[in-house]
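Just below is one structure, and these are the notes that go with it.
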Amino acid sequence: MEWKETVTALSENVFPGIAYKVERQTEGLEIKSNLPLQVSTYFNVVFVPVWINILLISVVDNFHNFDQLKQFLFITIISTIIFVEVLRLYMVYEGNLNDKIPELACFWMLSLFLQLPLQGILLFTPYFQLDVLEIICQTVMMILLLFQILFGYVALKYTASQQAIFYKIMKLNNEIPSKRTSAKNENKKTEQ
Numbered sequence: 001m002e003w004k005e006t007v008t009a010l011s012e013n014v015f016p017g018i019a020y021k022v023e024r025q026t027e028g029l030e031i032k033s034n035l036p037l038q039v040s041t042y043f044n045v046v047f048v049p050v051w052i053n054i055l056l057i058s059v060v061d062n063f064h065n066f067d068q069l070k071q072f073l074f075i076t077i078i079s080t081i082i083f084v085e086v087l088r089l090y091m092v093y094e095g096n097l098n099d100k101i102p103e104l105a106c107f108w109m110l111s112l113f114l115q116l117p118l119q120g121i122l123l124f125t126p127y128f129q130l131d132v133l134e135i136i137c138q139t140v141m142m143i144l145l146l147f148q149i150l151f152g153y154v155a156l157k158y159t160a161s162q163q164a165i166f167y168k169i170m171k172l173n174n175e176i177p178s179k180r181t182s183a184k185n186e187n188k189k190t191e192q
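Just so you know, UniProt numbering puts 139 at position 139 of the sequence shown, and the rest follows in order with no gaps.
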């Protein structure tokens with residue numbers, strides 16, 4: 001810490017006012033990401049390649065045992081799950097780390113309305129004849145998904161409330177023009 005203070009003092013002598021500018025620029029830029037959501041997402045990202053490989057091995061091993069309807073359902077469910085999983089993981093990283101509500105909401109809705117039912121069908125339907133390793137792998141993914149749905153809701157609610165407070169503070173400081181002031185300014189321009 002002493003080294004940082006020395007460099008700051010030296011740079012203040014060479015460039016007066018630089019320390020104030022740096023502090024002013026970073027003021028209010030704190031990002032409040034949800035740590036439990038980020039940790040569960042990290043484990044999910046690490047586990048996804050293993051899970052995809054096991055699913056693909058399962059497709060290769062069991063595909064010839066199914067009739068045409070089960071083959072179509074199995075391939076459709078697995079390809080949809082993999083596509084939604086990649087999209088979901090991108091949205092959670094973008095939304096949680098950058099405090100973006102639309103991305104967090106997209107992640108949460110994809111998780112709740114698409115991924116959870118599809119993972120449930122794949123795990124709990126006996127017609128797909130999953131082996132023990134595939135059931136264990138699918139159970140781990142389901143547990144991670146349930147944690148992410150729970151933590152995603154908490155993160156979404158917290159981020160929305162923090163951004164609402166930030167918007168109200170900006171409006172109180174007159175940094176955001178309201179509709180009334182915009183209408184008054186337009187009326188003044190037309191009168192002149």
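All C-beta atoms, glycine included, are put in the ideal place defined by N, C-alpha and C.
For residue i, count neighbouring Cβ atoms within 10 angstroms of its own Cβ and tell me buried if that reaches 16, exposed if not.
i      : result
GLU2   : exposed
VAL92  : buried
PHE166 : exposed
GLY95  : buried
ASN34  : buried
ASN44  : buried
ASN174 : exposed
SER161 : exposed
ALA79  : Note that residue 79 is Ser in the sequence shown, not Ala. With fewer than 16 Cβ atoms within 10 Å of its Cβ, SER79 is classed as exposed.
VAL60  : exposed
ILE135 : exposed
GLU74  : According to the sequence as given, residue 74 is Phe; it is not Glu. It counts as buried.
PHE128 : buried
What are the boundary residues of the alpha helix (DSSP H) that residue i is part of?
i      : result
LYS32  : Looking at the DSSP string, LYS32 is not in any alpha helix (DSSP H), and its letter there is neither H nor E.
LYS70  : 68-97
PHE107 : 101-109
Distance check for residue j and residue i, CA to CA, integer angstroms please.
i      : j      : result
MET109 : GLU5   : 47 Å
VAL48  : LYS171 : 43 Å
LEU156 : GLN163 : 11 Å
LEU97  : GLN68  : 43 Å
ILE54  : ASP131 : 10 Å
TYR153 : HIS64  : 41 Å
ILE88  : ALA9   : The sequence given here places Arg at residue 88; Ile does not occur at that position. Near 46 Å, if we compare the C-alpha coordinates of ALA9 and ARG88.
LEU133 : LYS32  : 38 Å
PHE72  : ILE52  : 18 Å
MET142 : PHE113 : 14 Å
ILE169 : THR159 : 15 Å
LEU116 : PHE66  : 24 Å
PRO126 : LEU56  : 18 Å
What are the start and end residues of each continuous beta strand (DSSP E) run of 3 or more residues lying completely inside the region 122-160, in chain order?
none
Using a Cβ distance threshold of 8 Å, determine whether the region 141-156 contacts the region 34-41, with at least three qualifying pairs required.
yes
Assess contact between the region 100-107 and the region 117-127, defined as three or more Cβ pairs (one per stretch) separated by less than 8 Å. Is contact present?
no
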